[in-house]
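In the working numbering, the protein residues as written are 5 to 560. From the three backbone atoms N, C-alpha and C, an ideal C-beta is built for every residue, glycine too. The structure under discussion appears below in the form of structure tokens.
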């Protein structure tokens, strides 16, 4: 036994010496490689480190389907990519979502539709959001400036929802604006379902898309971007510290946002300026706040000096082909006067408790977590705007793109519907299909049915005629979808035909039509489909939103 133990000990010593030699050789090789090769080598190291720690519960996460490490470093001066890893792979943004929420809020400030002292009403829907939150009660208000600080530091989900409702009328409508704005900025793979980043399987983005947003928001709104450097926010006697722990620790960092859910992992979007150098960096899918921060700090130190010191990149601008229309009470490019859509609740298995959570074998503080709701899901109607909300909206008439042209998209057919369609499944029918570098979703082909108790039967989605477009409201009951309120009947018809090309298998009972409405001195043409059942209408809207079109559901 003693001889056997000595042999084992000797074998272990030899193995350690061999590993040391291999490690030393790798280090020497890395130092001799050119910068470009070293970047790929370092990316492999990050990826392997991430894989070793892993998400033990990733495959069982009920509210997310895209997992894993992704990162990108962009030279803010010339727009070149200095480092990239899985930068085009879909991921869940978590609370980094709030950067787009703030982008749209800054837009309202810039255009004078809101002021920093404008009060925003808290609805029951906003107050019911899962933590992290300020905890304001329904009927209370918060100023725009305090709302900005609450989003930047506390990452308050209730305040994000309140911002959405006060600008868009409902969080659902605001999420459509967010998606359209993302596409107009070139964030082609981004889709929003809410304003906070709370778990939703359909709320997706990429590291590359977030880097575009990180550059665009500071280029477009330098006056308001400074709020992202807020370290502490004092409100109602409490101090709320910024979740970005690198702020103040990494030289030159001026923001911008963290995020975490079980589905997303630990995310971070940053911006750093040193001397004449400027980089925007994104890390997604970190296994802990600490490891994410360490990776980000390492990427910054390695690449901050590699970029240009001279500004040469053109500013990120919105797609000039984006159609924008104005109106009131439902005709601001397709807003409903009152929200009629019953939102699907999020699912169980949450991180909403105020206790440390174990992630990847480590305990992490809930201060860095976007909580997931606890308990059994239940449908919740989105709130109707209060009188004060109506007053705010009067001063803040919203621009909403009717559709975004030039967006890369996948033609989708109507997905099969059931009561659990919001829960991410891992069966082959919901798997990803890789088509070159483009990731698309597989959807089952069913028809968009007319009024019936259940969705209509499956039928082929072959070549179909767009048919004629009616010019008045069809006399039928049921549900309708509106995709736009265009400036002319011709534009409305173009949008209807575009929508038809996305919705394969339309039932003959479903009629497309335009409806002329007068709003003050402005004439608008609603582009609508009538004769649907509620479930089919909601499913159709989901498809149209993913393809870049606007859409909302209303009772006929």
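- The Cβ neighbour count for residue 79, taken over all protein chains shown within 10 Å, is at least 16; the residue is labelled buried.
- Using a Cβ-Cβ distance cut-off of 8 Å, the segment 263-271 and the segment 83-102 are in contact, since at least three pairs of beta carbons, one from each stretch, lie closer than that value.
- Around the beta carbon of residue 515, 16 or more other beta carbons sit within 10 angstroms, so the residue counts as buried.
- Put simply, the backbone Cα of residue 247 is about 7 Å away from that of residue 158.
- Distance from the Cα of residue 90 is smallest, within the candidate group 213, 73, 106, for 73.
- Positions of the beta strand (DSSP E) runs, each at least 3 residues long and wholly inside the segment 171-241, are given as 236-239 in order along the chain.
- Of the candidates 142, 138, 512, 210, the residue whose Cα lies closest to the Cα of residue 75 is 210.
- Under the three-state reduction of DSSP output, residue 287 falls in the strand class.
- Around the C-beta of residue 522, fewer than 16 other C-beta atoms lie within 10 Å, and the residue is accordingly described as exposed.
- About 7 Å separates the beta carbon of residue 109 from that of residue 148, a gap short enough to meet the 8 Å contact definition.
- A check of alpha carbon separations from residue 257 across 281, 70, 122 identifies 281 as the nearest.
- In terms of CA proximity to residue 71, 95 leads the group 88, 81, 83, 95.
- Taking C-beta separations shorter than 7 Å and ignoring five residues to either side along the sequence, the partners of residue 301 in its chain run 250, 254, following chain order.
- When DSSP states are grouped into helix, strand and coil, residue 521 belongs to the strand group.
- The residues 185, 217, 220, 221, 224, 225, in chain order, have a CB closer than 8 Å to that of residue 107 in the same chain once the five nearest residues on each side in sequence are set aside.
- Taking the CA atoms as reference points, residue 112 sits about 22 Å from residue 194.
- Note that the C-beta distance between residue 212 and residue 92 is below 8 Å.
- The Cβ atoms of residue 188 and residue 322 lie closer than 8 Å to each other.
- Residue 287 is a Cβ neighbour of residue 299, given a cutoff of 8 Å.
- As DSSP reads the structure, residue 146 sits in a beta bridge with 124.
- Bridge partners of residue 321 according to DSSP: none are assigned.
- About 7 Å separates the Cβ atoms of residue 166 and residue 146, confirming a contact at the 8 Å cut-off.
- Straight through space, the alpha carbons of residue 129 and residue 208 are spaced by roughly 23 Å.
- Non-local C-beta neighbours of residue 120 in its own chain, meaning closer than 6 Å and more than five positions away in sequence, comprise 148, 149, ordered along the chain.
- Taking all protein chains in view, the Cβ of residue 243 is surrounded by fewer than 16 other Cβ atoms within 10 Å, so the residue is classified as exposed.
- As computed with DSSP, residue 70 is found in no beta bridge at all.
- Residue 91 carries a coil assignment under DSSP once its states are collapsed to helix, strand and coil.
- Selection 202, 77, 506 evaluated against residue 306 yields 77 as nearest (Cα-Cα).
- The Cβ-Cβ distance between residue 168 and residue 137 does not fall below 8 Å.
- Rounded to the nearest angstrom, the gap between the Cα atoms of residue 275 and residue 116 is 27 Å.
- For residue 273, the enclosing beta strand (DSSP E) stretches over residues 269-278.
- In the three-state scheme derived from DSSP, where H, G and I count as helix and E and B as strand, residue 547 is classed as helix.
- Residue 284 and residue 273 have their C-alpha atoms some 7 Å from each other.
- By the C-beta density criterion, residue 203 is buried, having at least 16 other C-beta atoms within 10 angstroms.
- Rounded to whole angstroms, the gap between the alpha carbons of residue 497 and residue 236 is 51 Å.
- If you look at residue 514, you'll find it isn't in any beta strand (DSSP E); DSSP assigns it neither H nor E.
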